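Report on the structure given below.
Protein chains: 2
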Amino acid sequence: MRASDKAYQALLEDIVDGTLQPGTSLAEVEQSERLGVSRTPVREALSQLRKDGLIEQTRGRGLTVTDVSLDDIVELYELRQPLEQQAAKLAAQRGNTQIFTQLAAEFRNAERLIEGGDTGIKAYYNLNERLDRAIEDAIASPYLVSALKTLHLHLARIRRLSRRDPIRLKAAAIETLVIIEAIVDRNSELAASATAVHMQQSLRNALETARSRAVTERVA
Amino acid sequence: MRASDKAYQALLEDIVDGTLQPGTSLAEVEQSERLGVSRTPVREALSQLRKDGLIEQTRGRGLTVTDVSLDDIVELYELRQPLEQQAAKLAAQRGNTQIFTQLAAEFRNAERLIEGGDTGIKAYYNLNERLDRAIEDAIASPYLVSALKTLHLHLARIRRLSRRDPIRLKAAAIETLVIIEAIVDRNSELAASATAVHMQQSLRNALETARSRAVTERVA
DNA sequence: GTTATCTGTTTTGTATACACTAGCCCTGAA
DNA sequence: TTCAGGGCTAGTGTATACAAAACAGATAAC
């Protein structure tokens, strides 16, 4: 693995999991020492992350981790909604039915996973990731897939902020199941509509969580 | 201006305008000599262009300019359609009416521009760019705008392949005018639908042009 | 004749040294 | 006390040297 890829992955993880909080200033030498590589690969990684929108140039010099405000969540969903709808639509038209049939079966079991503590939740998140990858494989269009991938980076950040509310997770699993079943039935219209529903509910949950979290932090 | 930005801009232009044809291999030293900067900024530019999807790593070593096949055009529109629809929708909801009223007036004059030879056509393209920027300003959502910008890079490449058929350009201008008028009227549903129509027609034209172009080249 | 391996060459990947610029502190004067 | 000016410093931007990896060609073995 190249040092620049390693630096990118490491920084990406640190930003997504919150080790590098929004607003954190990223000096090249500092990061190169921390990651054990020279400045060159760090620079490359930073410029990639800037393209991803995870870091930004602030006040002339100095790169900082971008903020994730309530507005950002709304704005992110303004991109997410059309992208995921299109993805679901195309997956319904072209997807390998067998794969999605299998995923549907697993999602029918999601409630048990969600109730299974941390390991279960982890398995559930893993299942969601496999679904995302299946959809990406199904649509095959590299432009759309690339846009989805960048989107999912930002979503991962937000998800970290969301509380793992089992009730919401179960509801989400059911919404997702509707989408998958539509894909299996090659019903692209339904897949798109079900995705719209899922997006709407996800956004509402994300906002509620973020709001209460903001209040909690102000109190604490 | 930084040397790396200069290198990025120069390479971008060369790729979009066809100076660097699809399949062209880009060696770092060669490009750094051509552009008069050292390898470092060239590398940075190349890695940005790779993120944009304009160049790709082929068989282990060697970056090459990505191809634009008929399939690519279809796939690009699978991203373009939802993005532009969303953009039009949001612009209708939030846009500054005055700006779009002005643009509508200019588009009503587009036919005369298109008939005005090369300078007129250029002015027409310029008008379209101003519309794009107005829409981007109106939606304000950085995630969507960023996705649109990357998309437009690829569209610029395709446009170069399309024949400048005045009949198609006039039809496109009328389709665009419908979108703008919907934005002025704050009719987001109509804006989305009109965009869907425009996308469909644009795609059809792009495919037809590309097909005949391919045949011509095979003959020549 | 075909395939595999070795070696030379070319090109990329990484480290580092140097150049330059923006921000900051300190000094001095109003 | 406050503001302007001038270095000083920290950190970025660029060039280049060095290391490593990948390809090509040739030679040898089967």
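Residue numbers (our numbering), protein chains in the order written: chain Y, 905 to 1124; chain S, 905 to 1124. In this text, a Cβ means the ideal position worked out from N, Cα and C, and glycines have one as well. No experiment lies behind these values; they were computed from the predicted model shown.
In this structure, does DSSP put residue i in helix, strand or coil?
| i | result |
| --- | --- |
| S:T923 | coil |
| S:T928 | coil |
| Y:L967 | strand |
| Y:R960 | Note on residue identity: the sequence assigns Glu, not Arg, to residue 960 of chain Y. Of the three classes helix, strand and coil, the one that applies to Y:E960 here is strand, per DSSP. |
| Y:D909 | helix |
| S:S1082 | One detail in the question is off: residue 1082 of chain S reads as Val in this sequence, not Ser. If DSSP states are grouped into helix, strand and coil, S:V1082 belongs with the helices. |
| Y:R940 | Checking the sequence, you will find Gly at residue 940 of chain Y rather than Arg. Reduced to three states, the DSSP call for Y:G940 is coil. |
| S:R1068 | coil |
| Y:D1022 | helix |
| S:N1030 | helix |
| Y:R998 | helix |
| S:V972 | coil |
| S:R1090 | coil |
| Y:A1008 | helix |
| Y:N1109 | helix |
| Y:S1045 | coil |
Who are the Cβ neighbours of residue i in its own chain at under 8 Å, not counting the five residues just before and after it?
| i | result |
| --- | --- |
| Y:I959 | I919, L930, L950, L953, L967, T968, V969 and T970 |
| S:R1068 | I1025 |
| S:R947 | E932 |
| S:R1016 | G1024 |
| S:I1018 | G1024, I1025, Y1028, P1070, L1073, K1074 and A1077 |
| Y:L1048 | L987, Q990, A991 and L994 |
| Y:V978 | L1107 and L1111 |
For residue i, verify whether its CB is less than 6 Å away from any heavy atom of the ligand HEM.
| i | result |
| --- | --- |
| Y:G1020 | In the structure shown, the ligand HEM is absent, as is every other ligand, since no ligand is present at all. |
Thinking C-alpha only, which one of the options is nearest residue i?
| i | options | result |
| --- | --- | --- |
| S:Y912 | S:P926, S:P945, S:I1087 and S:E1093 | S:P945 |
| S:I1083 | S:R943, S:E988 and S:Q925 | S:E988 |
| Y:T1099 | Y:R984, Y:D1041 and Y:I1003 | Y:R984 |
| Y:T1001 | Y:E1033, Y:R1090, Y:T962 and Y:K993 | Y:R1090 |
| S:G922 | S:L1057, S:A1096 and S:E1112 | S:L1057 |
| S:R1034 | S:S1045, S:E1010 and S:A1044 | S:E1010 |
| S:T962 | S:A1075, S:Y981, S:P926 and S:D976 | S:P926 |
| S:L1107 | S:I1087, S:T1120, S:A1077 and S:L1059 | S:L1059 |
| S:A1044 | Y:L980, Y:L915 and Y:D956 | Y:L980 |
| Y:A1075 | Y:L1065, Y:H1102 and Y:S1050 | Y:H1102 |
| S:R1061 | S:D976, S:P1046 and S:K910 | S:D976 |
| Y:D1036 | Y:A1014, Y:R1063 and Y:F1004 | Y:F1004 |
| Y:Q1104 | Y:E1093, Y:R1117, Y:N1013 and Y:E1079 | Y:E1079 |
| S:A1118 | S:V972, S:A1014, S:E917 and S:N1032 | S:V972 |
| S:L939 | S:E917, S:D956, S:K955 and S:N1030 | S:E917 |
| Y:L924 | Y:N1032, Y:S1116 and Y:R1064 | Y:R1064 |
| Y:G957 | S:L1094, S:G957, S:S1050 and S:M905 | S:S1050 |
Who are the near neighbours of residue i in its chain, counting only those whose CB is closer than 6 Å to its CB and skipping five residues on each side?
| i | result |
| --- | --- |
| Y:A1042 | A995, R998 and G999 |
| Y:R943 | E932 and S936 |
| S:L974 | A1114 |
| Y:S1066 | A1110 and T1113 |
| S:V941 | A907 and A911 |
| Y:A914 | L939 |
| Y:L1145 | Any answer about residue 1145 of chain Y is impossible in this case: the structure gives chain Y only from 905 up to 1124. |
| Y:P1046 | none |
Please work out which residues of its chain come closer than 7 Å, Cβ to Cβ, to residue i, disregarding the five sequence neighbours upstream and downstream, and give them in chain order.
| i | result |
| --- | --- |
| Y:L1052 | L987, A991 and E1040 |
| S:A1096 | Q989, A992 and K993 |
| S:G1021 | none |
| S:A1008 | L1081, I1084, E1085 and V1088 |
| S:T928 | T968 and V969 |
| S:L1055 | L983, R984 and L987 |
| S:S1092 | K993, A996 and Q997 |
| S:S1116 | none |
*asked:* Along the region 1010–1039 of chain Y, where does the CB come closer than 9 Å to a CB of chain S? Name the residues.
replied: Taking a C-beta cut-off of 9 Å against chain S, none of the residues of the region 1010–1039 of chain Y qualify.
*Interface residues of the region 935–957 of chain S facing chain Y [CB-CB below 7 Å]*: Those would be E948, S951, Q952, K955 and G957, in chain order.
*Give the residues from the region 1054–1083 of chain S that approach chain Y closer than 9 Å (Cβ to any Cβ), ordered along the chain.*
Taking 9 Å as the Cβ-Cβ cut-off against chain Y, the residues of the region 1054–1083 of chain S that qualify are T1054, L1055 and H1058.
*asked:* Beta carbons nearer than 7 Å to chain S: which residues of the region 1041–1052 of chain Y have them?
replied: Within the region 1041–1052 of chain Y, S1045, P1046, Y1047, L1048, S1050 and A1051 place their CB atoms closer than 7 Å to a CB of chain S, listed in sequence order.
*Pull out every residue of the region 1083–1111 of chain S whose Cβ sits closer than 8 Å to any Cβ of chain Y, in chain order.*
Interface annotation for the region 1083–1111 of chain S against chain Y: empty, criterion Cβ-Cβ distance under 8 Å.
*Could you name the residues of the region 909–924 of chain Y whose beta carbon sits closer than 8 Å to any beta carbon of chain S, in the order they occur along the chain?*
Of all residues in the region 909–924 of chain Y, none has a C-beta nearer than 8 Å to a C-beta of chain S.
*In the region 987–1008 of chain S, which residues sit with their C-beta less than 8 Å from some C-beta in chain Y, listed in chain order?*
Of all residues in the region 987–1008 of chain S, L987, Q989, Q990 and L994 have a Cβ within less than 8 Å of some Cβ in chain Y.
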